[in-house]
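According to the UniProt record's numbering, the residues represented by the sequence shown are 1 to 504, in order.
The block underneath contains the structure these notes are about, expressed in structure tokens.
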Amino acid sequence: MSLAVIHTRAQLGVEAPPVAVEVHLSGGLPSMSIVGLPETAVKESRERVRSALITAGFDFPQRRVTINLAPADLPKEGGRYDLAIAIGILSASGQLKGWKASPATEMIGELALSGDIRPVRGILPAAVAAGKLGRALVVAKENAEEAVMAEGTEVFAAAHLLELVAHLCRQQPLPAQVPADCTESVRPVPDLADVKGQLQARRALEVAAAGGHNLLFSGPPGSGKSMLAARLPGLLPPLEVGQRLEVAAIASVSGQSVAPACAGIRPFRSPHHTASAIALVGGGSHPRPGEISLAHQGVLFLDELPEFPRRVLEVLREPLETGEILISRAARQTRYPARFQLVAAMNPCPCGYHDDGTDRCLCTPDQIRRYQMKISGPLLDRIDLQLQVPALPAETLLQPGAAGESSAAVRERVMAALERQLGRQGKMNRELSGRELEQVCALDASTEALLVRVMQQSQLSARACHRLLRVARTLADLAGRDTVARQQLLEALAFRGLAGGGWC
Numbered sequence: 001m002s003l004a005v006i007h008t009r010a011q012l013g014v015e016a017p018p019v020a021v022e023v024h025l026s027g028g029l030p031s032m033s034i035v036g037l038p039e040t041a042v043k044e045s046r047e048r049v050r051s052a053l054i055t056a057g058f059d060f061p062q063r064r065v066t067i068n069l070a071p072a073d074l075p076k077e078g079g080r081y082d083l084a085i086a087i088g089i090l091s092a093s094g095q096l097k098g099w100k101a102s103p104a105t106e107m108i109g110e111l112a113l114s115g116d117i118r119p120v121r122g123i124l125p126a127a128v129a130a131g132k133l134g135r136a137l138v139v140a141k142e143n144a145e146e147a148v149m150a151e152g153t154e155v156f157a158a159a160h161l162l163e164l165v166a167h168l169c170r171q172q173p174l175p176a177q178v179p180a181d182c183t184e185s186v187r188p189v190p191d192l193a194d195v196k197g198q199l200q201a202r203r204a205l206e207v208a209a210a211g212g213h214n215l216l217f218s219g220p221p222g223s224g225k226s227m228l229a230a231r232l233p234g235l236l237p238p239l240e241v242g243q244r245l246e247v248a249a250i251a252s253v254s255g256q257s258v259a260p261a262c263a264g265i266r267p268f269r270s271p272h273h274t275a276s277a278i279a280l281v282g283g284g285s286h287p288r289p290g291e292i293s294l295a296h297q298g299v300l301f302l303d304e305l306p307e308f309p310r311r312v313l314e315v316l317r318e319p320l321e322t323g324e325i326l327i328s329r330a331a332r333q334t335r336y337p338a339r340f341q342l343v344a345a346m347n348p349c350p351c352g353y354h355d356d357g358t359d360r361c362l363c364t365p366d367q368i369r370r371y372q373m374k375i376s377g378p379l380l381d382r383i384d385l386q387l388q389v390p391a392l393p394a395e396t397l398l399q400p401g402a403a404g405e406s407s408a409a410v411r412e413r414v415m416a417a418l419e420r421q422l423g424r425q426g427k428m429n430r431e432l433s434g435r436e437l438e439q440v441c442a443l444d445a446s447t448e449a450l451l452v453r454v455m456q457q458s459q460l461s462a463r464a465c466h467r468l469l470r471v472a473r474t475l476a477d478l479a480g481r482d483t484v485a486r487q488q489l490l491e492a493l494a495f496r497g498l499a500g501g502g503w504c
């Protein structure tokens with residue numbers, strides 16, 4: 001009897017739990033069975049591995065082959081175990097001269113019938129987990145660029161099964177992979193200098209970037225709402241090392257490119273209004289991350305907000321507060337991070353021209369009310385900045401050289417404000433709790449009396465009050481102030497759509 005144990009990794013959300021592939025050869029009729037809770041694609045690896053070994057010139061053992069994927073209670077899916085199974089069979093049958101299976105090396109990859117090693121999803125979380133244990137990782141060539149993002153993990157990439165065998169038997173060692181420059185493959189982020197006019201909307205973008213606040217633009221078609229929203233990622237600071245790994249891990253398990261995260265660019269997701277609730281928050285029989293997780297540490301832009309089904313929008317309420325989403329199924333639960341900035345755009349009425357200074361709007365008051373009520377009060381309560389974006393006059397639009405500041409200039413002020421926040425409280429203003437707000441947003445007597453009057457007359461909830469204070473704190477940080485003054489509170493009220501209350 002012969003036994004070989006090869007180490008690999010499963011995929012469970014953005015985690016990569018270890019899996020031991022135990023290959024046992026015994027006497028009896030030739031057969032091959034796989035146990036350990038494999039799903040269909042894993043069971044089919046029997047034929048892929050058999051054909052790959054024979055095509056590569058190896059002998060497939062004419063014995064009883066039993067393969068156990070441990071732990072047995074962890075569901076196994078996909079073709080990621082093919083490579084470990086093939087090497088386990090070769091090792092157990094004595095065809096790898098001079099090499100003995102060791103926990104120091106992990107292998108992940110799908111095999112083609114020709115013996116080629118194909119890429120799989122979720123390599124980055126596996127590389128990070130392997131590196132924490134000081135283990136090397138063998139992957140497909142196409143997965144190498146992603147795997148080396150996990151600093152400290154020794155990565156080897158093979159294109160064919162024969163290359164890996166030559167490496168293991170020390171006949172032709174594979175070179176360790178080194179990180180490549182991924183900035184060349186990333187598209188540039190749109191610049192704020194392209195936007196003409198809209199000074200208040202540009203200011204709102206700066207405040208949203210500086211404090212991580214949610215933002216809603218409302219205005220007629222063609223006023224520049226979508227154009228403004230697309231410029232927000234360019235105002236945000238680059239992703240830090242830890243954030244890059246988080247964002248890249250989500251992209252990895254979703255089968256998307258990790259190059260933008262590698263370059264430090266924050267995600268910008270803009271799903272169509274026909275997206276389902278599962279597409280937005282994630283799910284499925286094998287839970288996958290949704291748009292809110294793909295926008296983690298970046299921006300989620302919802303254009304034509306009232307056109308989204310109301311039940312779809314309501315699923316955003318909890319992630320906006322907690323920064324994560326827990327997807328529960330009968331067999332297991334999967335948790336994905338979802339700390340994103342929500343930027344939304346909407347028209348004021350079905351035709352879009354209500355209250356734009358012209359007589360183009362033909363909507364009845366009842367149609368306007370029903371259209372605006374598609375967005376629930378609790379969801380609006382979670383949006384810090386709510387701004388009207390008017391259409392630009394023709395002379396401003398056609399005036400040459402009327403562009404404002406560039407994204408780089410605004411980003412400098414944003415980063416200065418962020419440094420003040422991190423130095424004072426160790427987190428962004430949007431993450432401040434109620435107790436922390438009492439400490440960093442202390443108001444003088446007259447400003448506090450103003451806030452009390454606003455809350456009473458506008459019937460603001462406690463959540464809305466806290467979000468108002470967070471915006472005022474961000475405005476003070478942009479102004480370089482240690483305290484929140486009356487001016488910052490009034491500007492925060494204006495951004496909340498409460499400027500017409502005669503508070504001055």
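All C-beta atoms, glycine included, are put in the ideal place defined by N, C-alpha and C.
Since the model is a prediction, treat every value here as computed from it, not as a measurement.
{"Check": "So, with DSSP's three-state summary, where would you put residue 509?", "Outcome": "Outside the displayed span of the chain (1 to 504) sits residue 509, for which this structure offers no information."}
{"Check": "Using C-beta distances below 8 Å, list every residue in its chain close to residue 248, excluding the 5 sequence neighbours before and after it, in chain order.", "Outcome": "124, 146, 149, 258, 261, 262"}
{"Check": "Using the Cα positions of residue 46 and residue 216, report the straight-line distance between them to the nearest angstrom.", "Outcome": "53 Å"}
{"Check": "Skipping 5 residues on each side, what residues in its chain have a beta carbon closer than 8 Å to that of residue 206?", "Outcome": "235, 410, 413, 414, 478"}
{"Check": "Given that a residue counts as buried once 16 or more other Cβ atoms are within 10 Å of its Cβ, and exposed if not, what is residue 107?", "Outcome": "buried"}
{"Check": "Go to residue 273, then tell me how far its beta strand (DSSP E) extends in each direction, as first and last residue.", "Outcome": "Note, residue 273: premise wrong, no beta strand (DSSP E); not H, not E."}
{"Check": "Return the residue from the list 250, 240, 191 that minimises the CA-CA distance to residue 229.", "Outcome": "191"}
{"Check": "Is there contact between the region 5-23 and the region 54-73, where contact requires at least three CB pairs shorter than 8 Å?", "Outcome": "yes"}
{"Check": "Considering only their Cβ atoms, is the gap separating residue 387 from residue 340 smaller than 8 Å?", "Outcome": "no"}
{"Check": "If you scan the region 380-465 from start to end, which runs of the beta strand (DSSP E) of 3 or more residues do you find wholly inside it?", "Outcome": "385-388"}
{"Check": "Could you give the first and the last residue of the continuous beta strand (DSSP E) run that contains residue 341?", "Outcome": "341-346"}
{"Check": "For the putative contact between residue 168 and residue 111, defined by C-beta atoms under 8 Å, what is the C-beta separation to the nearest angstrom?", "Outcome": "Not really, about 15 Å apart at Cβ, beyond 8 Å."}
{"Check": "Using a beta-carbon distance below 8 Å, is residue 348 in contact with chain B?", "Outcome": "Absent from the structure: chain B. Only one protein chain is present."}
{"Check": "Give the single residue among 60, 122, 54 whose Cα lies nearest to the Cα of residue 79.", "Outcome": "122"}
{"Check": "At the level of alpha carbons, what is the spacing between residue 573 and residue 132?", "Outcome": "Because the chain here runs from 1 to 504, residue 573 falls outside it and cannot be looked at."}
{"Check": "Since residue 200 is in the alpha helix (DSSP H), which residue starts that stretch and which ends it?", "Outcome": "199-211"}
{"Check": "What whole-angstrom Cβ distance do residue 338 and residue 357 have, given they're in contact under 8 Å?", "Outcome": "Incorrect: roughly 39 Å between the Cβ atoms, too far for contact."}
{"Check": "Do you know offhand how far residue 203's Cα is from residue 306's?", "Outcome": "24 Å"}
{"Check": "So residue 277 and residue 311 are in contact, right, with Cβ under 8 Å, and what is the actual spacing, rounded?", "Outcome": "6 Å"}
{"Check": "Count the C-beta pairs between the region 432-447 and the region 476-490 that are closer than 8 Å, then say yes if the count reaches three, no if not.", "Outcome": "yes"}
{"Check": "So, residue 505 versus residue 469, is the Cβ gap smaller than 8 Å?", "Outcome": "No information on residue 505 is available, as it lies outside the stretch 1 to 504 that the chain covers here."}
{"Check": "Taking a contact to mean a Cβ-Cβ separation below 8 Å, would you say residue 6 touches residue 88 in this structure?", "Outcome": "yes"}
{"Check": "Does the Cβ of residue 82 have 16 or more other Cβ atoms within 10 Å, making it buried, or fewer, making it exposed?", "Outcome": "buried"}
{"Check": "Please list, in chain order, all residues of the same chain as residue 115 whose beta carbon is under 7 Å from its beta carbon, the five residues on each side excluded.", "Outcome": "52, 55, 56, 160, 161, 162"}
{"Check": "Taking the runs of the beta strand (DSSP E) that are 3 residues or longer, which of them lie wholly in the region 1-84?", "Outcome": "2-9, 18-26, 31-35, 64-70"}
{"Check": "To test your reading of the DSSP string, which unbroken alpha helix (DSSP H) runs of 4 or more residues are found completely within the region 305-377?", "Outcome": "310-314, 317-322, 365-372"}
{"Check": "For residue 120 and residue 75, I'd like the C-alpha separation in whole angstroms.", "Outcome": "17 Å"}
{"Check": "Please report the straight-line C-alpha distance between residue 394 and residue 210, rounded to a whole angstrom.", "Outcome": "31 Å"}
{"Check": "Considering only heavy atoms of the ligand FMN, does any lie closer than 7 Å to the CB of residue 82?", "Outcome": "Looking at this structure, you won't find the ligand FMN or any other ligand, since it has none at all."}
{"Check": "Under 7 Å Cβ to Cβ from residue 152, same chain only, skipping five residues before and after it: list those, please.", "Outcome": "131"}
{"Check": "Considering only the alpha carbon of each residue, which of 61, 336, 320 lies closest to residue 327?", "Outcome": "336"}
{"Check": "Kindly identify the DSSP beta-bridge partner or partners of residue 156.", "Outcome": "138, 176"}
{"Check": "What does residue 299 pair with, by DSSP beta-bridge criteria?", "Outcome": "268, 341"}
{"Check": "So for residue 118, helix, strand or coil by DSSP?", "Outcome": "strand"}
{"Check": "Does the distance from the C-beta atom of residue 425 to that of residue 418 stay below 8 Å?", "Outcome": "no"}
{"Check": "Considering only the alpha carbon of each residue, which of 288, 348, 416 lies closest to residue 365?", "Outcome": "348"}
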